[in-house]
Amino acid sequence: MAELRMECGNAPLAVIEGCVEHGRRLGRELGFPTANLSVPDDLSLDDGVYRSRVEVAGRRYDAMSNLGRNPSVGGTERRLETHIFGFTGELYGCRLRVELLQRIRGERKFASVEELRSRIEQDREEILKS
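Just so you know, UniProt numbering puts 65 at position 65 of the sequence shown, and the rest follows in order with no gaps.
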């Protein structure tokens, strides 16, 4: 389920809810484990990296999310992958609510996994400062 909203103050740009699915575990290998959600076909939000907020089991966390197809690693399916700051534990099969709050940058293809990891670290720092 997705809900699209206009950017206005602190209101989210979009809200995506769903059950966490298994991915390729690349985020975990890069040091940024992610909760993966399917994206509704009708979600018209631009692909990219977003500052986000997650609600899981009644608790809220700051997060960073990537909406897109992961071209750096040959991805084709549009997904939402969210790294939750300060969360440890398993989320597979859990229901998650992700609020996309601010677009940080567009999705792009990186030349190497190391370049991708470095950019994710930069994104994390930028989001944590905001």
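Just so you know, even glycine gets a beta-carbon here, dropped at the ideal spot from N, CA and C. Predicted model only: the values in this text are computed from it and were never measured.
Contacting residues, own chain, Cβ-Cβ under 6 Å from residue i (five flanking each side not counted)
i, result
"V49", "N66, I104, R105 and D123"
"L128", "none"
"N36", "E21, G23, R79 and E81"
Residue i versus residue j - alpha carbon distance
i, j, result
"R59", "E90", "15 Å"
"E77", "S38", "9 Å"
"R117", "N70", "13 Å"
"Y92", "L45", "25 Å"
"G68", "R79", "6 Å"
"E114", "E107", "16 Å"
"S112", "R25", "17 Å"
"F87", "D42", "30 Å"
Buried versus exposed, by CB contacts within 10 Å (16 or more), residue i
i, result
"F85", "exposed"
Neighbourhood of residue i by C-beta distance below 7 Å, restricted to the same chain and skipping five residues each side
i, result
"S52", "A63, M64, S65, T82, V98, E99, L100 and L101"
"E3", "Confidence in E3 is poor, its pLDDT being 49 and thus under 50, which makes the residue's placement too unreliable to answer from."
"R28", "none"
Contact belief for residue i with residue j at Cβ below 8 Å, rounded distance in angstroms
i, j, result
"F110", "S72", "4 Å"
"V56", "L96", "6 Å"
_Threshold first: 4 residues or longer. Then list the alpha helix (DSSP H) segments lying entirely within the UniProt domain "Riboflavin kinase" (13 to 129), N to C._
26 to 29 and 113 to 129
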